[in-house]
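Data block below; observations after.
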Amino acid sequence: MFNNLNLGFKLALLLCIGLLSSPVFATIDVYQFNSDQDRMRFQTLTTELRCPKCQNQNLADSNAPIAQDLRTKIHSMLTEKRSDQEIIDYMIARYGDFVLYQPRMDTKTYILWFGPAALLIIGVGVVFWISRKNTEQATTTPIEVINLDAQQQQQLAELLNDKGNSAP
């Protein structure tokens, strides 16, 4: 069967078979911990800290090289018996508040925490003010808006009375 095929096609076919049959290797981080408590702390920290390169992935889920480096750094700091707060402070000092999924509440982040509520309150106030203004305009009658002299008011009253009496 292969005798009838040309040499180029045979090589391409062998290359495809070789590529498809080779296993796909992925890098898997394997860390040794002294206790299950350290393992849980590692998992908690890597899920609470954001990858500096990725837009919205934590360190545990990211495949970026910097995330791998940061996981290694967290592991080494855990083996040095550093506290969670020391590790978080190190990451913030190095990469800024961006590494935190929930930013701290301080003067720089007040607008992040209270801005949406302030905008909602302002929006409700504007809607209330506009609706109140519209109801005030709706309650005024056209006669109050237009200044008519006595003769014009009498003619208008006669027209309104005639229209009311002539209705079928």
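Numbering follows my numbering, in which position 133 of the sequence shown is assigned residue number 1472; successive positions increment by one, without gaps. Every residue, glycine too, gets a C-beta built ideally from N, C-alpha and C. All figures in this text were calculated on a predicted structure; none of them were measured in a lab.
- Inter-residue spacing [alpha-carbon to alpha-carbon] between Gln1394 and Gly1462: 30 Å
- Please report how far the alpha carbon of Phe1437 lies from the alpha carbon of Gly1464, in whole angstroms. 33 Å
- Query: Which of the three DSSP states, helix, strand or coil, is assigned to Arg1443?
  - Reply: coil
- Query: With distances taken between CB atoms, is the gap from Ile1413 to Leu1384 smaller than 8 Å?
  - Reply: yes
- Task: My understanding is that Tyr1434 touches Pro1404, with C-beta atoms under 8 Å, so please give their C-beta distance in whole angstroms.
- Result: With 8 Å as the limit, Tyr1434 and Pro1404 do not qualify as a contact, their Cβ atoms being about 15 Å apart.
- Message: Relative to the C-alpha of Arg1421, which candidate in Arg1380, Thr1386 and Gln1441 has its C-alpha closest?
- Response: Arg1380
- Pairwise C-alpha distance: Leu1487 and Tyr1449: 57 Å
- Rank Arg1378, Gln1492 and Ala1489 by C-alpha distance to the C-alpha of Met1416 and give the top, closest one. Ranking Arg1378, Gln1492 and Ala1489 by CA distance to the CA of Met1416 puts Arg1378 first.
- Message: In whole angstroms, give me the CA-to-CA distance for Gln1580 and Asp1400.
- Response: Limits of the chain in this structure are 1340 at one end and 1507 at the other, which puts residue 1580 out of reach.
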